[in-house]
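Here the sequence shown stands for residues 10 to 687, numbered as in the working numbering. First comes the structure, then the notes that go with it.
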Amino acid sequence: MSNDKLREDILKEAVRIGDNLLARAKKDDDGTCWETMTMDLEQNIGWQVSEGIYSGVSGIALFLLELHKRTGDPKYMAASVDGMHWVTAHCRKNQAPYFAFFTGRMGVPYALLKMTEATGDRSWTEKALEIARPCIDFVESPGGIDDLINGSSGTVISLLHLHAATNEKWVLDAVDAYVEHLVHNAHHGPKGLYWDRSPKNISGLCGFSHGAAGIGWMFMELGRYFNNPSFYHLARQAFLYESCHYDAGQGNWQDLRKGIYNDEDEQKHRKAYLDNDMEFFTVGGDMNAWCHGAAGIGLSRLRAMELFKEISQNDLQKLYETHTLQAVEKTTATDIERENPVPSFILCHGGGGNAEIFLEAYRIFKDKKYLALAEKVAQQALDFHKKNNRYICGYRAAKTEEEDTSLFMGNSGIGYFYLRVLAPHDVPSILIPTLNSKARGDSCDAYPTLTLSLPDTGRELLKKYFQRTLVMAEKFLPRELEAFLDTAPSEFEKTPLKDAFTDFIEKNLSALPPKEQTCLNDVFILEREKVKIDDAVQGHSRLEIKRKVLSEKAEEFNALDNEAFLKLKFTLEPDTRIATTDWDWGFSNQEGWLNNINLEADIYPLLIKPGPYQVMEEPLSPLSYTILGSFSGERTVEDVRKETIDAFESLTPDQEKMLTEKIIEQIKQALLAGILIG
């Protein structure tokens, strides 16, 4: 087929999709809306009306807006405007559950800004500010996450677009708060940083919508917008983490999801745990899409190439060009060379979204071979629709033949993809909505996080694991610590920051006076041990099924009568540690940390245990310390009971009986918590 004929067919199909959307529109007093598809946990399909970009009216309005620009047909503009009227009314009447960009309310301000650009009507921008303002209350929302599609990093992207359009001070207040939250929430990987630690994953996810790539891209945009090298450094750390999970055999970054979502999943996890199948819990899958895998990750690296070239970081530009070409090669293999009998062309995890890497590569490399690859995907989509008279929606698990209307899971997104193929320089990418402007002058000088220096970035990242050691080092080794934090960020790419800090403390301890040395070393040993435990974790999801299995076994033990229970043998769970410090370093005693040097040493027992979210640290009472410490080797409950009783002098029979009950109860609780095992 000639290129002109293909482009004609693409536009004709985009128009057909637009007309179909107009036919399916619902009107009420507030404006125009569209129902979009949903799927519950039992894979039942339903329909809903919502405001967002991903699966709501704002997303459909964006497609119709771009269709109007391409065709000049006023009916699409009218429907888009009427749709955004419905959206603003809906937002006014309904409190937002959360303020994510793609799947939450913060996509609405972005769509409203696009309405201002298209119409010249500033009232849309005023509405965008009004709708976005409550987002500041959700910075630390319970159960919140940080990924791009559902979390706080996407919120930052929307806020940056809003600030670029308005220069409103409160928007910077919100950006500063969200970025502070994101820096605080970073986890240290084998190398680099990740976010959103979860018992449903092997480790922090790779990927653009759910993983480190998307958050790294957000930091890239922050770095450029505020001209702050610290944010570029954080982006490189996110990409460095993902490099640890690149599988050359698959040509892809591993999909590290390993959650339990149904009974079948639980049985697989349980079997793998009982069989000690570590590969199950440590080796990721091979998925390629905008949301997980090379197609989305490549978008972040393309933008990194572009921005590092802009600041003359040629070595990093070349590194990310290599990553980009790996992603393009993988996506060419999955979406061009491999025949898929039931292909999907949606944006989230279909060919339309995957082709975005070809379109962005064409924009940056200016090589028409990449546009040709995107056109091949478009041709496949046209052929599929011609043969089947439908497109496959994003809810493939439900096996429905109904078509969705939404931007990311349905037909309006496929239409948007067609428009991107026709005009990749004019139709803005919704999959990687980059910023073209920069912050004005000294507008962010008063914001501590937005002006974060490289040394202070290192300090903030170290607080994750070495908060107390850092406090004491700032007191005893101030000049040495500043010199360490001034180390070039590139050094932290060769040696992870937490390892470099460990080496720094070990090298400088001996130069301190004896009391300072002892005090600093006391807390350093504790925090270093926690880091070692965390580094040794093999799969966060494994810890979750391990907890379930041990808890079920504990319930069997605990159901026995006391006579039978006393005969059982238990030992401390191998990954759990009983530790002691000479001073109180508890987080409830933060004001007393610096004063510890003025106090006499004592014994402060602690329980340290790896968990799927973090390494847990809990103070132990003297009784708990005595009981649990007795299980350092396999012991019967009766032996531990006697040993504990003997530690007390002259107990009456009633006191001994009461103490025995407490001992048994504490052992049972330790079993349920997976601290002791039988």
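Cβ atoms here follow ideal geometry from the backbone N, Cα and C, with glycine treated the same way. As the structure is a computational prediction, the values presented were derived from the model and not from experiment.
In three-state DSSP terms, what is residue i?
i	result
Phe579	strand
Asp185	helix
Thr458	coil
Ile224	helix
Tyr329	helix
Asn567	helix
Met418	coil
Asn103	coil
Gly362	helix
Thr112	coil
Gly40	strand
Tyr255	strand
His219	coil
Tyr203	strand
Asp28	helix
Gly232	helix
May I have the straight-line CA-CA distance separating residue i from residue j, to the nearest angstrom?
i	j	result
Asn176	Glu139	14 Å
Phe426	Ala482	54 Å
Tyr255	Leu76	38 Å
Gly687	Asp344	51 Å
Leu121	Val90	10 Å
Pro208	Tyr622	7 Å
Leu681	Pro631	20 Å
Lys578	Lys677	12 Å
Asp272	His549	19 Å
His278	His197	26 Å
Gly424	Thr341	21 Å
Leu490	Phe475	13 Å
Ala336	Phe217	12 Å
Asp454	Met93	35 Å
Ser639	Glu315	60 Å
Lys408	Met48	11 Å
Met227	Ile166	7 Å
Ile554	Gly223	29 Å
Trp204	Asp155	7 Å
Leu637	Thr669	15 Å
Ser597	Phe240	32 Å
Leu494	Lys473	15 Å
Lys78	Ile211	45 Å
Thr478	Tyr456	27 Å
Asn517	Asp584	30 Å
Met688	Tyr400	Nothing in the structure corresponds to residue 688, since the chain is present only between 10 and 687.
Ala183	Arg142	9 Å
Leu243	Ser415	33 Å
Gly17	Tyr329	First, the residue type needs correcting, since residue 17 is Glu and not Gly in the sequence shown. Taking the straight line from one Cα to the other gives about 35 Å.
Cys357	Gly403	8 Å
Pro464	Leu249	19 Å
Please name the residue in the options whose C-alpha comes closest to that of residue i.
i	options	result
Cys253	Phe289, Phe110, Lys541 and Gly213	Gly213
Leu181	Gly116, Asn159, Leu529 and Thr458	Thr458
His54	Glu410, Asp495, Asp376 and Asn285	A small correction: the amino acid at residue 54 is Ile; His does not occupy that position in the sequence shown. Closest option to Ile54, Cα to Cα, is Glu410.
Ile672	Val646, Gly403, Phe317 and Arg372	Val646
Asn159	Gly116, Ala141, Ala183 and Lys123	Gly116
Phe289	Glu230, Ala304, Ala221 and Leu265	Leu265
Ile684	Glu189, Leu463, Glu126 and Glu627	Glu627
Cys215	Met296, Leu169 and Gly268	Met296
Val192	Leu471, Ile542 and Asn530	Leu471
Asn194	Lys178, Ala221 and Ala32	Ala221
Thr527	Pro505, Thr590, Glu565 and Gly40	Thr590
Gly163	Lys524, Thr443 and Gly450	Thr443
Val430	Lys377, Cys402, Met229 and Ala257	Lys377
Leu615	Trp602, Glu609 and Ser633	Ser633
Ser438	Asp130, Lys541 and Tyr371	Tyr371
Glu348	Ala390, Ala303 and Cys100	Ala390
If we cut at 8 Å on Cβ distances, does residue i have a partner in chain D?
i	result
Leu121	The displayed structure is made up of one protein chain only, and chain D is not part of it.
Quick check for students: name the residue ranges of the beta strand (DSSP E) that lie wholly in the segment 569-634, counting only runs of 3 or more. Fully enclosed beta strand (DSSP E) runs of 3 or longer: 578-581, 586-590, 613-619 and 624-628.
Decide yes or no for the touch test of the segment 565-583 against the segment 235-243: beta carbon pairs closer than 8 Å, at least 3 of them. No, the segment 565-583 does not touch the segment 235-243.
Check whether the segment 346-365 touches the segment 321-332, taking contact to mean three or more Cβ pairs, one atom from each stretch, closer than 8 Å. They do not touch, by the three-pair rule.
Three or more C-beta pairs closer than 8 Å, one from the segment 553-561 and one from the segment 282-298: is that the case here? Contact between the segment 553-561 and the segment 282-298 is present: three or more C-beta pairs spanning the two stretches fall below 8 Å.
Please specify which runs of the alpha helix (DSSP H), each continuous and at least 4 residues long, are wholly inside the segment 266-307, giving them in chain order. Here the runs fully enclosed are 272-283 and 287-291.
At which residue ranges does the segment 479-544 contain complete beta strand (DSSP E) runs of 3 or more residues, listed in the order of the chain? DSSP runs (the beta strand (DSSP E)) wholly in the segment 479-544: none.
May I have a chain-ordered list of the alpha helix (DSSP H) segments no shorter than 4 residues that lie completely inside the segment 651-686? Qualifying alpha helix (DSSP H) stretches, in chain order: 662-681.
Evaluate contact between the segment 602-609 and the segment 656-664, counting only Cβ atoms and requiring at least three cross-stretch pairs below 8 Å. Flag = no, the segment 602-609 and the segment 656-664 do not touch.
Between the segment 104-116 and the segment 58-71, are three or more C-beta pairs nearer than 8 Å? Output reads yes: the segment 58-71 touches the segment 104-116.
Within the segment 421-449, ranges of the alpha helix (DSSP H) (whole runs, at least 4 residues): Every candidate alpha helix (DSSP H) stretch fails here, since none sits fully inside the segment 421-449 while reaching 4 residues.
Threshold first: 3 residues or longer. Then list the beta strand (DSSP E) segments lying entirely within the segment 342-386, N to C. Listed in chain order, there is nothing to give.
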